[in-house]
Amino acid sequence: MATPLLERSVESDAIVRRRRRTSREVWWWATAFLAPAVIALLALRILPTLSAIGDAIPFGTGRSLLSNFTYIWTDPAFLGSLRVTLLFSLIVNPLQIALALVLAVLLTKKVPGIGLWRTLILLPIAVPQAVSAIIWLVLLRPDGPLNAIANAVGLPSVPWLVSPNFALASIVIVCSWIGVGYWMTFLVTGIRDIPTSLYEASSIDGANAWQQFWSITLPGLRRPLLFVLVADTVSNLLVFAPVRLLTQGGPQGSTNLIMHDIFERAYTLGDTQAASAGTIVLVAIVIVVVGIQFRLLPGKD
Amino acid sequence: MSETSTLRRERRSGRRTLVLVLPIAFVSIAPLLWALISSLRPGDEIFAHLSPLTWRTFVPESMSLDNYLAVLSGPFALALVNSVIVAFFSVTIGLFVAAMAGFALATLNFPGRGVVFALMVVSFLVPFEAIAIPLSASFRDWGLANTYAGLILPAVGNGLSIFLLRQFFLGIPLSLSEAARLDGLSWFGVFWRIYLPLSKAPLVGAGLILFVFQWQSFLWPLLIAPAPSVRVAPVAIADFAQEQGVDYGQMFAGAILAAAIPLILLLLFQRQFTNSLASSGSKE
């Protein structure tokens, strides 16, 4: 009677020991597999964020901890850049998403040569932003081709990059030329995921294309649309190359988006503390935008 | 009969849609076409035929590759080579690191997995560009200014590629790795011999993300690698435009060269790129 029990307990001890060994082994492997990525994420995201906080908040200097923040909050240049960024976001995001949505709907219809058109519309995203900006720098010159075309159809020349009234519009055009095809791609895939049977059933019921768009396409696209909304907003908060190359923030600060303002503070003015305070404000805005995404996203399907 | 009429109606509406799509496709491609045409004509001819518009505006009097030869014999050639070097090592090292991390997160059950996940979420929340300026100060302290390593390292911490590969690895049945483990394969063997060969499509997708990230990169190289010996193509192009008396023909030739490599890759891998981006976005 006692022997089998003893045997069993010896056996289970062995299992426990083996399990413990496996778990230690798994631990070792997990560390080996994850270490490079974890170190990289810590060094490349967490550490610089902390160092920006450290730069912006002057611990142990006797100055008020928030002095850098109060400084940028009363600096007309920084407030101007926040205002320009807000205005830019309010124009560029709805515009890009509406265009991407229209294009996605058009390009999921049975159009002859569809693959070719989709590829052509996607091409600008493959071009480095700095290169796109350089091409548009020439297109938008006072004596450039865009004004030549305008004149040819009897319109006056537009002072695209040189007038404060048009400079931000120029940045909007360039960013949209770069981005719309990219955001379209997500929506094309989203539309393809909507069951065609829904469209077939509604055509039998006599629904027209407009009704189908409102009652099938739009609700079916809720998730990809929300994703595009937030990803687009975040990427437009970070626009730098077009501003740097086309307008350098001018004329009269009319295109001084927040990334460019921070860059100028750090490199032209050499004010790293104010630049770090600006960085933290930017990161906070991004986190709020992404946080709203998680709130808006419907629960897991 | 009703089927053929539906088909006919679809075809007719397709042609009507084409009327809307063509101008948009034209607007999207026209700036690139103009850059291409301009790169084939002498620099002083680019603005000569703009006003009034004639067919000469769009067709060069004589086409030549002189601008390309000139730009490739100058410092731009080195910038292009630098971009290729940086992109190549970013993709290979970045993919390896991301795949290992994705594998561990998908297959290994270990305490602390939640902490690693939290770290990834935070790294999603803070975009790289937003902290590029404070990060460049640390990189300079670490002696990484004006080095290839300084340019390549940011691609190693790409949370999106880790996430993408993890999602795919989760779909591979665990019984496969369990069987391989019983046969005596190490965890690295499972990763290298089973998971990677099964994951060509997501690897291409994640690789393209890393490639585009590096090939596009402008702010970071501007901050960390301004020296001519490590200058990358986008920065070189921007410098070109800010020169006095810039030769626009050569500038466009450089622009076309810097755009051509990603364009070719995109055309080759468009399907994987689209699919990998799309599924990472909508199913997140």
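Same order as they appear, the protein sequences are chains A and B.
If you count the first sequence from 1, position 132 lands on 118 in my numbering, and the numbers rise without skipping.
If you count the second sequence from 1, position 104 lands on 107 in my numbering, and the numbers rise without skipping.
Quick reminder that beta carbons are idealized off the backbone N, C-alpha and C, glycines included.
In this text, all values refer to a predicted model and were calculated from it rather than measured experimentally.
Count the other C-beta atoms from every protein chain shown that fall within 10 angstroms of the C-beta of residue i, then say buried if there are 16 or more, exposed otherwise.
i	result
ALA23/A	buried
ALA13/B	It is worth fixing the name first, because residue 13/B is Glu in this sequence and not Ala. Exposed: under 16 other Cβ atoms inside 10 Å.
ALA230/B	exposed
ILE164/A	buried
PRO157/B	buried
GLY248/B	exposed
GLN238/A	exposed
VAL166/A	buried
ASP196/A	Note on identity: in this sequence residue 196/A is Trp, with Asp being the wrong assignment. Exposed.
THR60/A	exposed
ASN79/A	buried
THR56/A	exposed
ILE25/A	exposed
GLN245/B	exposed
Helix, strand or coil for residue i, going by three-state DSSP, please let me know.
i	result
PHE280/A	helix
GLU64/B	coil
GLY77/B	coil
ILE49/B	coil
PRO157/B	helix
LEU126/A	coil
ILE107/A	helix
GLY97/B	helix
ASN133/A	helix
GLY252/B	helix
VAL274/A	helix
TRP145/B	coil
VAL148/A	coil
LYS286/A	With a pLDDT of only 44 at LYS286/A, under 50, the local geometry of the prediction cannot be trusted, and the value read off the model is given with reservation. Three-state result, LYS286/A: coil.
ARG49/A	coil
VAL119/B	helix
SER86/B	helix
VAL208/A	The residue asked about is misnamed: residue 208/A is Arg in this sequence, not Val. Helix, per DSSP.
ARG19/B	helix
SER240/A	coil
LEU268/A	helix
If the criterion is Cβ atoms closer than 8 angstroms, does the pair residue i and residue j meet it?
i	j	result
ILE157/A	THR241/A	yes
VAL74/B	GLN253/B	yes
PHE191/B	ALA38/B	no
LEU167/B	PRO205/B	yes
ALA112/A	PRO265/B	yes
ASP129/A	LEU53/B	yes
ILE155/B	VAL235/B	no
LEU260/B	ALA227/A	no
ARG31/A	VAL129/B	yes
TYR251/B	ILE49/B	yes
GLY272/A	LEU223/A	One detail in the question is off: residue 272/A reads as Val in this sequence, not Gly. Closer than 8 angstroms, so yes.
THR150/B	VAL233/B	yes
PHE194/B	VAL94/B	no
PHE276/A	LEU21/B	For the sequence presented, residue 276/A should be read as Val rather than Phe. Their beta carbons are not under 8 angstroms apart, which means VAL276/A does not touch LEU21/B by this criterion.
Find the nearest neighbour of residue i within the set the options, judged by alpha-carbon distance.
i	options	result
TRP146/A	LEU132/A, ALA138/A, GLY140/A	LEU132/A
ALA3/B	GLY257/B, ARG44/B, LEU271/B	No statement about residue 3/B is possible, as the shown extent of chain B runs from 4 to 287 and does not include it.
ALA262/B	ALA101/B, ALA244/B, GLN219/B	GLN219/B
TRP15/A	ARG18/B, SER202/B, ALA109/B	ALA109/B
ALA292/A	MET170/A, SER201/A, ARG251/A, ARG178/A	Because chain A spans -13 through 287 in this model, residue 292/A falls outside it and cannot be assessed.
GLN170/B	GLY115/B, ALA239/B, GLY105/B, LEU72/B	GLY105/B
ALA121/B	PRO150/A, THR182/A, LEU27/A	LEU27/A
ALA217/A	ASP41/A, ARG230/A, ALA261/A, GLN279/A	GLN279/A
LEU211/B	LEU268/B, VAL125/B, ALA135/B, PHE92/B	LEU268/B
PHE113/B	ILE266/A, ARG127/A, SER9/A	SER9/A
PRO26/B	LEU81/A, TRP103/A, VAL267/A, ILE121/A	TRP103/A
THR258/A	GLU11/A, LEU51/A, ILE39/A	ILE39/A
ALA152/B	ALA101/B, ILE227/B, ALA133/B	ILE227/B
Can you pull the chain D neighbours of residue i, defined as C-beta to C-beta under 7 angstroms?
i	result
PRO63/B	You won't find chain D in this structure, because its protein chains are A and B.
Compile a chain-ordered list of the residues in the region 105 to 121 of chain A whose CB is closer than 9 angstroms to at least one CB of chain B.
Shown in chain order are the members of the region 105 to 121 of chain A whose Cβ falls below 9 angstroms from a Cβ of chain B: THR105, LEU106, ILE107, LEU108, LEU109, PRO110, ILE111, ALA112, VAL113, PRO114, GLN115, ALA116, VAL117, SER118, ALA119, ILE120, ILE121.
Name the residues in the region 255 to 277 of chain A whose C-beta lies less than 8 angstroms from a C-beta of chain B; which are they?
Those residues of the region 255 to 277 of chain A that come within reach of chain B (Cβ to Cβ, closer than 8 angstroms) are THR258, ALA261, SER262, THR265, LEU268, VAL269, VAL272, ILE273, VAL276.
Residues of the region 204 to 219 of chain B with Cβ closer than 8 angstroms to any Cβ of chain A, in chain order
VAL215, TRP218, GLN219
Using a Cβ-Cβ cut-off of less than 8 angstroms, give me the residues of the region 236 to 251 of chain A that come near chain B, in sequence order.
MET245, ILE248, PHE249
Which residues, in order along the region 20 to 41 of chain B, keep a beta-carbon less than 7 angstroms from a beta-carbon of chain A?
THR20, LEU21, LEU23, VAL24, ILE27, ALA28, SER31, ILE32, PRO34, LEU35, TRP37, ALA38
Proximal residues, the region 120 to 135 of chain A versus chain B, C-beta separation under 9 angstroms
ILE120, ILE121, TRP122, LEU123, VAL124, LEU125, ARG127, ASP129, GLY130, PRO131, ASN133, ALA134, ILE135
Using a beta-carbon distance cut-off of less than 8 angstroms, what residues from the region 208 to 220 of chain A approach chain B?
ARG209, PRO210, PHE213, VAL214, ALA217, VAL220
Within 8 angstroms of chain B by C-beta, residues of the region 21 to 54 of chain A in sequence order:
PRO22, ALA23, VAL24, ALA26, LEU27, LEU28, ALA29, LEU30, ARG31, ILE32, LEU33, PRO34, THR35, SER37, ALA38, ASP41
Residues from the region 83 to 99 of chain B in contact with chain A, defined by Cβ distance under 7 angstroms
none
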